[in-house]
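Enquirer:
2 protein chains.
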Amino acid sequence: MNLILLFPDDFVSENRVRLTGRRLEHVMNVHRAAAGDVLTVGVVDGQLGRGVVLSLDPLELEVTLDRHPPPALPLTLVVALPRPKVLNRIVAATASMGVRRLCLINAWRVEKSYWSSPRLSPDNLRAQSILGIEQSRDTILPDITTHRFFRKFVEEELPPGDSRRLVAHPAATEPLPRNVSEHVTLVIGPEGGFIEAELASLDRAGFAAVTLGERILRTETAIAAAVGRMF
Amino acid sequence: MNLILLFPDDFVSENRVRLTGRRLEHVMNVHRAAAGDVLTVGVVDGQLGRGVVLSLDPLELEVTLDRHPPPALPLTLVVALPRPKVLNRIVAATASMGVRRLCLINAWRVEKSYWSSPRLSPDNLRAQSILGIEQSRDTILPDITTHRFFRKFVEEELPPGDSRRLVAHPAATEPLPRNVSEHVTLVIGPEGGFIEAELASLDRAGFAAVTLGERILRTETAIAAAVGRMF
């Protein structure tokens, strides 16, 4: 928690917040804060700044908000739904990197049972996103959507707008581009990859197959490596 | 397990192996292999190839080894010892990306208790590395060393050789270089970062401070993003 994320309900007056729950525990037990200490704060969907500890019981801060959050990545990330065990990490990591649009989609090699995981609840996706932006000192939560039908997603539900369309595929010959300036929509397949019919469907929708190299990486590693390479 | 990693003891004759343990279970339960099926195999520290299933009980393959493993990254990665919970993932992920030299070092902000984690045992580090190279279809295990004394590491124990020395530091102004061709030694600090004395020590040893951006990323995310950006 490199930033204390504030919500409208925390404000007891214009410049004063009272912290509860997880943030209260963190400030008391990890920061071991004392009156006068200065913490990095940010208001959800708003600005960053500093919070001076006024009192410990209740824990209140006087906040000054004077900086914009770091810029978003010009990236829409489309990921075949990963196994529940890694979903939380992927959601937090992508939020931390500044991905503001994440689409979790079905694919032939996504196990059906993954779709009934409680980790797909909006509350959990939001909680994991909060962990991500607290880590990277951002205030903007990503927009995360789920799409149960691959073809419908590709043909009808893909976020509109001008965007360079790429699909990561280990067997592609074209490398993932470096240092891109335009907006990118990047699709990452499931463990085992997309099947041919899915690749054909993406090809028809204008997705160029690109490779991160001959090594097959785990989804979370591939996402971070792709982001590092492109932006 | 995108590759069945073979060890000298598995060979019952020159071209024939018998699989046991975790690999046996994987081939039977995940691949649901039948006689005649072809699997990707590789001999530890050796070549890759294919293994044709000859029999299921015992599980024996006839192997043909005819390809080199993917090239290593020209990178020595130095990481302040992470919390045990994430150590396994970092070891597996770095091995999967082709990092062949990983130094786990102490730093002021590394909690002392991390050094008594059983996860630091050579057996566990090797087991996690095996998971990583099985994932990415490599056969070469990384060399992983631990260094309890920061200054001694920087002044005496750093692997010798010509290498561009970089330390990732969020407050640096110089960006991490892209698309480098020379060998790099990259140092990644602990949660909370290096202290000034440590940065000064690295500076004296020729490490240039570079940044991955203003976002503070988790160690595992930062490593993959840095690798994606540099190579």
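These protein sequence lines are chains P and F, in that order. For reference, each letter of the first sequence is one residue, going 866 to 1096 in the numbering used here. For reference, each letter of the second sequence is one residue, going 866 to 1096 in the numbering used here. Where a beta carbon is used, it is the ideal one built from N, C-alpha and C, also for glycine. Nothing here was measured: the structure is a model prediction, and the numbers come from that model.
Would you say F/G1093 lies against chain P (beta-carbon separation less than 8 Å)?
Expert: The residue labelled residue 1093 of chain F in the question sits at position 228 within the second sequence. Chain P, which has a Cβ nearer than 8 Å to the Cβ of F/G1093, makes this yes.
Enquirer: I'd like to know if P/D902 contacts chain F, where contact means its C-beta is closer than 8 Å to some C-beta of that chain.
Expert: Position 37 of the first sequence holds residue 902 of chain P. Judged by the 8 Å Cβ criterion, P/D902 is not in contact with chain F.
Enquirer: If you draw a straight line from the alpha carbon of F/V1019 to that of P/S920, how long is it in whole angstroms?
Expert: Residue numbering aside, residue 1019 of chain F sits at position 154 when the second sequence is read from its first letter. Residue numbering aside, residue 920 of chain P sits at position 55 when the first sequence is read from its first letter. For F/V1019 and P/S920, the distance between alpha carbons rounds to 43 Å.
Enquirer: Output yes if chain F places a C-beta closer than 8 Å to the C-beta of P/L884; else output no.
Expert: One-based indexing of the first sequence puts residue 884 of chain P at position 19. No, no contact with chain F.
Enquirer: Can you tell me the Cα-Cα spacing of F/D1008 and F/T905, whole angstroms?
Expert: Along the second sequence, read from residue 1 onward, the residue named residue 1008 of chain F stands at position 143. Along the second sequence, read from residue 1 onward, the residue named residue 905 of chain F stands at position 40. Computed Cα separation, rounded: 24 Å.
Enquirer: I need the straight-line Cα distance from F/R974 to P/H933, nearest angstrom please.
Expert: One-based indexing of the second sequence puts residue 974 of chain F at position 109. One-based indexing of the first sequence puts residue 933 of chain P at position 68. Their backbone Cα atoms lie some 29 Å apart in a straight line.
Enquirer: Could you tell me which uninterrupted alpha helix (DSSP H) segments, each at least 4 residues in length, are contained entirely in the region 892-976 of chain P, listed from first to last along the chain?
Expert: As far as the region 892-976 of chain P is concerned, its whole alpha helix (DSSP H) runs of at least 4 residues are 949-962.
Enquirer: Would you decide whether F/N971 is buried or exposed? Buried here means 16 or more other CB atoms lie within 10 Å of its CB.
Expert: Against the second sequence, residue 971 of chain F aligns to sequence position 106. So F/N971 ends up on the buried side.
Enquirer: If you measure from the beta carbon of P/R915 to each beta carbon in chain F, is any gap under 8 Å?
Expert: By one-based count along the first sequence, residue 915 of chain P stands at place 50. Cβ-Cβ to chain F under 8 Å: no for P/R915.
Enquirer: Of the choices F/N867, F/R897, F/P1055 and F/D1027, whose alpha-carbon is the least far from that of F/V1034?
Expert: Position 169 of the second sequence, counted from the first residue, corresponds to residue 1034 of chain F. Val is not the amino acid found at residue 1034 of chain F; the sequence shown has His there. For the residues F/N867, F/R897, F/P1055 and F/D1027, the minimum Cα distance to F/H1034 belongs to F/P1055.
Enquirer: Would you mind working out which of P/H1048, P/L1064, P/P1042 and P/A1065 sits nearest F/F1096, comparing C-alpha positions?
Expert: As a first step, residue 1096 of chain F is located in the second sequence; it is residue number 231 there, counting from the start. Closest option to F/F1096, Cα to Cα, is P/P1042.
Enquirer: DSSP beta-bridge partners for F/A1073?
Expert: One-based indexing of the second sequence puts residue 1073 of chain F at position 208. Answer by DSSP bridge pairing, in chain order: F/L1031.
Enquirer: Where does the unbroken alpha helix (DSSP H) through P/S1001 begin, and where does it stop?
Expert: If you number the first sequence from 1, residue 1001 of chain P lands on position 136. Run containing P/S1001: P987 to S1001, per the alpha helix (DSSP H) assignment.
Enquirer: Taking the C-alpha atoms as reference points, what is the distance between P/A1062 and P/V1092?
Expert: What you label residue 1062 of chain P is simply residue 197 of the first sequence in a count that begins at 1. What you label residue 1092 of chain P is simply residue 227 of the first sequence in a count that begins at 1. So the two alpha carbons sit approximately 26 Å from each other.
Enquirer: Check this for me: beta carbons of P/V908 and P/L871, under 8 Å apart or not?
Expert: As a position in the first sequence, residue 908 of chain P is number 43, starting the count at 1. As a position in the first sequence, residue 871 of chain P is number 6, starting the count at 1. Yes. Within cutoff.
Enquirer: What residues in the region 960-989 of chain F have a beta carbon less than 9 Å from any beta carbon of chain P?
Expert: Listed by position along the chain: S961, M962 and G963.
Enquirer: Is F/D1003 close to chain P, meaning its C-beta is less than 8 Å from at least one C-beta of that chain?
Expert: Numbered from 1 along the second sequence, position 138 holds the residue referred to as residue 1003 of chain F. So, interface residue.
Enquirer: Under a three-way DSSP split, which group does P/L1082 fall into?
Expert: By 1-based counting over the first sequence, the position of residue 1082 of chain P is 217. Here P/L1082 sits in coil by DSSP.
Enquirer: Buried or exposed, going by whether 16 or more other CB atoms sit within 10 Å of the CB of P/S986?
Expert: Residue 986 of chain P sits at position 121 when you count from the first residue of the first sequence. With fewer than 16 Cβ atoms within 10 Å of its Cβ, P/S986 is classed as exposed.
Enquirer: Less than 8 Å between CB atoms is the rule here; does P/N894 satisfy it with respect to chain F?
Expert: Mapped onto the first sequence, residue 894 of chain P falls at position 29. By this cut-off, P/N894 is not an interface position.
Enquirer: Whose C-alpha, out of P/H1012, P/E1021, P/E1047 and P/R1016, is nearest the C-alpha of P/R1029?
Expert: The count along the first sequence starts at 1 and reaches residue 1029 of chain P at position 164. P/R1029 has its Cα closest to that of P/E1047, out of P/H1012, P/E1021, P/E1047 and P/R1016.
Enquirer: On a Cα-Cα basis, can you pick out the residue from P/T1004, P/R1094 and P/T1084 that is closest to P/A945?
Expert: Position 80 of the first sequence, counted from the start, is the residue given in the question as residue 945 of chain P. Comparing Cα positions, the closest option is P/T1084.
Enquirer: Residues of the region 922-937 of chain F in Cβ contact with chain P at a cutoff of 8 Å, in chain order, please.
Expert: Against chain P - using a Cβ distance shorter than 8 Å - the residues of the region 922-937 of chain F are P935.
Enquirer: Going by the DSSP bridge assignment, what does F/R883 pair with across the sheet?
Expert: Indexing the second sequence from 1 puts residue 883 of chain F at position 18. BP columns for F/R883 point to F/E925.
Enquirer: Alpha carbons only, please: which of P/M893, P/R881 and P/R897 is nearest the one belonging to P/G914?
Expert: Within the first sequence, the letter at position 49 stands for residue 914 of chain P. That would be P/R881, whose Cα lies nearest to the Cα of P/G914.
Enquirer: Please tell me whether P/V943 and P/V1075 are closer than 8 Å, where the distance is taken between their beta carbons.
Expert: On the first sequence, position 78 is the one that residue 943 of chain P refers to. On the first sequence, position 210 is the one that residue 1075 of chain P refers to. Cβ atoms of P/V943 and P/V1075: not closer than 8 Å.
Enquirer: In three-state DSSP terms, what is F/S978?
Expert: Stepping through the second sequence from its first residue, residue 978 of chain F is reached at position 113. F/S978: helix per DSSP, three-state reduction.
Enquirer: Kindly indicate the opening and closing residues of the beta strand (DSSP E) around P/S1046.
Expert: For this step, residue 1046 of chain P is matched to residue 181 along the first sequence. It is not in any beta strand (DSSP E) - P/S1046 carries neither H nor E in the DSSP assignment.
Enquirer: With distance defined between alpha-carbon atoms, name the residue in P/R984, P/F1059 and P/A1073 nearest to P/F1015.
Expert: Your numbering for residue 1015 of chain P matches position 150 in the first sequence. Measuring from the Cα of P/F1015, the nearest candidate turns out to be P/F1059.
Enquirer: If we count the other Cβ atoms within 10 Å of its Cβ and call it buried at 16 or more, is F/E999 buried or exposed?
Expert: What you label residue 999 of chain F is simply residue 134 of the second sequence in a count that begins at 1. F/E999 is buried by the Cβ-count criterion.
Enquirer: Got a sec? Which residues, its chain only, sit under 7 Å from P/F1072 by beta carbon, not counting five neighbours each side?
Expert: To locate residue 1072 of chain P, count along the first sequence from 1; it is residue 207. Contacts found: R1030, L1031, V1032 and V1052.
Enquirer: For chain P, is any of its Cβ atoms less than 8 Å away from the one on F/I955?
Expert: Translated into positions along the second sequence, residue 955 of chain F becomes position 90. No - not a single Cβ of chain P is within 8 Å of the one on F/I955.
Enquirer: CB P/P936 to CB P/G963, shorter than 8 Å?
Expert: As a position in the first sequence, residue 936 of chain P is number 71, starting the count at 1. As a position in the first sequence, residue 963 of chain P is number 98, starting the count at 1. Yes, they are a contact pair.
Enquirer: Any Cβ of chain P within less than 8 Å of the Cβ of F/A1037?
Expert: In the second sequence, counting from the first residue as 1, residue 1037 of chain F sits at position 172. Chain P, which has no Cβ nearer than 8 Å to the Cβ of F/A1037, makes this no.
Enquirer: Which residue's Cα is closest to the Cα of F/R1094: F/P1040, F/E1079 and F/A1036?
Expert: Position 229 of the second sequence, counted from the first residue, corresponds to residue 1094 of chain F. Among F/P1040, F/E1079 and F/A1036, the Cα nearest to that of F/R1094 is on F/P1040.
Enquirer: Are any of the Cβ atoms in chain P nearer than 8 Å to that of F/A1090?
Expert: In the second sequence, the residue the question calls residue 1090 of chain F occupies position 225. Yes, its Cβ sits closer than 8 Å to a Cβ of chain P.
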